[in-house]
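In what follows, a single structure is set out as structure tokens and then discussed.
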Amino acid sequence: MLRPYLHLVRAGFRRHSIYLAASLAGLFTNTVFGLLRVAVLLAVVGQTGSAAGYDAADTGTFVWLGQGLLAVVMIWPDRELAQRVRSGDVAIDLGRPWNLQPALLAQDLGRAGHAMLIRFGPPVLFGALVLPFRWPHSPWTVLVFALSTVLAVVISFAARFLLDLTAFWLLDNRGVATVYAAATGVLCGLTVPVAYFPDPIRIALYATPFPAMLQTPIDVFGERGATAALLGHQVLWAALLLAAGQLVLARATRKLVVQGG
Amino acid sequence: MTAVVRTEGLRREFTVGRRCARRRIVAVSDVDLQIEPGEAVGFLGPNGAGKSTTIKMLTGILVPTAGRLRVCDLDPTRQRRELARRLGVVFGQRSQLWWDLPLRESFDLLGAIHRVPGAEHRARLERCVDVLELGPFLDVAVRQLSLGQRMRGEVTAALLHGPQLLVLDEPTVGLDLVSKERLRTFLQEVNVVDGMTILLTTHDLPDVERLCRRVVVIDHGRVVADDAIDALRARSGGAREVVVELAEPAAPLTGIAGVSEVRVEADGVRQRLAFAPSDTTAAALIAAVAERVELRDVTVVEPSIEDLVRTLYAQN
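Pasting the structure below:
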């Protein structure tokens with residue numbers, strides 16, 4: 195039953211392992227931006243010794259995990275499916291004996307696995323060795339963090355899948371994707387920790403899936419908040435977004451007009 | 038055995054244009070088609086005739102507006118996934134291979150997706166590698182293959198799960214003569230030896246002549262002819278042409294046995310002699326012309342698909 199999907203996970207990993215130079219370039223960029231962000235946020239913390247419950251070590255951990263995870267979770271849309279809708283190549287994807295959503299999810303998990311090795315490991319190690327960093331107290335936390343990261347990838351995938359499906363109606367979803375990319379950096383806790391926001395805004399943010407894509411695995415690693423509540427929130431959003439994706443996909447294929455000859 | 042493809046009154050409309058100028062166009066209308074197991078059918082028509090629309094409906098990726106449709110004993114729209122297991126599709130202009138991965142990994146992945154048992158997968162792959170000579174580039178990434186190599190890969194990909202029906206949408210578009218020929222030979226073998234049913238759309242008449250005994254011609258969304266290819270040729274007048282270039286201008290070369298029409302171009306230096314293959318041969322005709330004038334060059338022109346379709350359409 196699962197064999198095809200396991201193969202797809204491996205294919206997703208392989209597809210990305212081929213572009214090692216691109217991965218290394220991305221890694222370099224992430225690390226440089228990490229240094230800039232650490233400098234800015236440490237300046238904020240430096241005024242009072244801590245900000246919104248983050249001291250220097252918490253801040254370093256937040257920045258380096260965020261820099262590592264952003265490529266793993268892929269918080270910015272890649273629009274691969276949207277472009278296949280636009281070109282009509284989606285006809286091939288729909289002509290295969292699979293359910294498109296889990297098939298693409300499997301490939302995305304493979305991609306994320308590769309990113310975990312190349313894009314997550316090095317910047318986090320670098321940050322941990324060079325700057326203030328807080329390792330978890332409990333060894334279990336690492337396991338829970340891994341689970342939370344997988345959930346974050348699933349949520350991000352499900353959101354990007356829905357975003358790409360808009361191409362069935364819009365044909366070109368660049369506009370929506372740009373708005374999404376602009377919003378997600380702030381809303382998911384990449385720019386500043388979600389804890390920096392005033393309470394009403396923070397509560398409103400948790401009514402969206404965005405914090406669950408990045409802030410939640412970081413919080414799990416930093417042992418902030420109740421683990422069960424954090425993971426529950428992620429599971430809920432993963433289920434909701436995947437279900438919405440299935441519904442919209444069914445609608446999309448019913449109205450499907452494949453572009454081109 | 039039941040028909041592999043059976044349609045009754047198949048129809049598809051599209052809405053085009055924006056609000057004020059919105060209108061319905063009929064892409065396919067009243068298509069009745071029946072294809073039996075083991076047949077190789079050429080599906081012809083000019084651009085925009087409705088070929089691709091029909092194929093998309095047959096493969097389940099486009100929902101018909103009206104009509105009945107069964108493919109491999111399934112309802113393509115409702116049972117698209119089940120149908121995908123029994124169908125091999127090659128789109129000449131699209132790729133079903135993974136762009137970044139070596140050809141071999143795409144094949145393994147397809148085998149897994151279609152849940153083909155390992156031994157069966159290896160046997161089918163081995164045969165394709167053998168006949169289509171894929172060996173030298175099996176480990177090359179698909180994006181680095183030449184068009185001819187990729188198309189051989191595409192056909193292999195469509196056959197790995199042992200489909201009942203192979204649908205080829207312009208499989209030879211852009212290929213050079215050698216690649217075309219190799220592909221045709223292989224497809225012919227798959228049809229004749231394995232008895233696989235083939236539905237082929239193309240603009241390339243030699244593709245159809247090599248592979249198909251039966252031809253369905255569609256124009257403006259309607260089937261205008263459905264017959265054996267020879268019968269169609271005969272019915273459409275079957276006009277072939279010998280075009281002769283002369284050393285010096287001559288009077289129209291009339292009076293040669295079997296020639297139905299003579300057209301003079303370039304002040305008599307080039308003349309076009311139309312004939313029906315049933316009346317004479319190109320060789321006899323050229324010999325007769327050579328007796329009367331000095332020849333510089335000769336070309337034999339087959340009726341193009343567009344001509345064939347145009348004649349057929351005019352007759353309807």
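For the protein sequence lines, the chains are F and C, in the order given.
Residues in the first sequence are numbered consecutively from 195, following this note's numbering.
Residues in the second sequence are numbered consecutively from 38, following this note's numbering.
Glycine included, every Cβ here is placed at the ideal spot set by N, Cα and C.
Just grab the DSSP bridge partners of Thr336(C) for me. Val280(C)
Compare the C-beta of Gly369(F) with all C-beta atoms of chain C and state if any pair is closer than 8 Å. no
Chain-ordered chain C contacts of Pro291(F) [CB-CB under 7 Å]: Arg118, Ala121, Arg122, Ile150, His151
On the DSSP bridge assignment, give the partners of Glu50(C) in chain order. Val63(C)
Below 8 Å on the Cβ atoms is my contact criterion, and I expect Arg117(C) with Gly104(C) to pass it. Report the Cβ-Cβ distance as a whole number of Å. That belief does not hold up - the Cβ atoms of Arg117(C) and Gly104(C) are roughly 17 Å apart, past 8 Å.
Distance, Arg354(F) Cα to Ser211(F) Cα: 22 Å
Taking its Cβ as the centre, do 16 or more other Cβ atoms sit within 10 Å of Gly454(F), making it buried, or is it exposed? Because the pLDDT at Gly454(F) is just 44, under 50, the model does not fix this residue reliably, and the point stays unresolved.
Beta carbon of Pro271(F), beta carbon of Ala375(F): below 8 Å? yes
Within a Cβ cutoff of 6 Å, which residues of the same chain sit near Leu175(C), ignoring the five residues on either side of it in sequence? Leu140, Arg141
Grouping DSSP H, G and I as helix and E and B as strand, with all else coil, what is Val100(C)? coil
Tell me the rounded alpha-carbon separation between Val263(F) and Val279(F). First, the amino acid is wrong: residue 263(F) is Leu here, not Val. Each residue's alpha carbon lies about 28 Å from the other.
Nearest to Val429(F) (by Cα), restricted to the options Ala446(F), Phe222(F), Ala406(F): Ala406(F)
Can you pull the chain C residues whose beta carbon is under 7 Å from the beta carbon of His427(F), in chain order? In chain order: nothing, as chain C lies at least about 33 Å away.
Please check if any C-beta of chain F sits within less than 8 Å of the C-beta of Lys217(C). no
Mind listing the chain F neighbours of Thr96(C)? Cutoff is C-beta to C-beta under 7 Å, in chain order. Gly289
Contacts of Ile212(F) in chain C (Cβ-Cβ under 8 Å): Asp137, Leu138, Ala178
Listing by chain order, which chain C residues have their CB less than 9 Å from the CB of Ile412(F)? Here the premise fails: no neighbours, minimum Cβ distance about 31 Å.
List the residues of chain C that His201(F) touches, going by C-beta distances under 9 Å, in chain order. Asp145, Leu146, Gly148, Ala149, Ile150
Between the CA atoms of Pro340(C) and Asp334(C) - distance to the nearest angstrom: 19 Å
Helix, strand or coil for Glu73(C)? Go by DSSP, reduced to three states. coil
Rounding to the nearest angstrom, what Cα-Cα distance links Met233(C) and Arg60(C) in this structure? 41 Å
List the DSSP bridge partners of Gly79(C). Leu237(C), Val252(C)
Based on the DSSP output, what are the partners of Glu45(C) in its beta bridges? Arg105(C)
Residue-chain proximity (Gln133(C), chain B), Cβ-Cβ < 8 Å: Looking for chain B here will not work: the only protein chains present are F and C.
Have a look at Glu50(C), Ser216(C), Gln71(C), Ile266(C) and flag the residue whose alpha-carbon is nearest the alpha-carbon of Arg187(C). Ser216(C)
Report yes or no: is there a C-beta of chain F within less than 8 Å of the C-beta of Val100(C)? yes
Quick one: residues in its chain with C-beta nearer than 6 Å to the C-beta of Ser217(F), no 5 flanking neighbours on either side, listed in chain order? Ile312
Which chain C residues are close to Pro198(F), counting only those with a beta carbon under 9 Å from its beta carbon? Leu146, Ala149, Ile150, His151, Arg152
At least one CB of chain F closer than 8 Å to the CB of Glu191(C): is that the case? no
For the beta strand (DSSP E) that contains Leu202(C), what are its first and last residues? 202 to 206
Taking just the CA atoms, how far does Val373(F) sit from Trp363(F)? 17 Å
Three-state secondary structure assigned by DSSP to Ala438(F): helix
Under 8 Å Cβ to Cβ from Ile323(C), same chain only, skipping five residues before and after it: list those, please. Val279, Val281, Leu332, Val335
Every unbroken alpha helix (DSSP H) within the region 102 to 175 of chain C, with a cutoff of 4 residues, ordered by chain: 117 to 123, 140 to 150, 155 to 168
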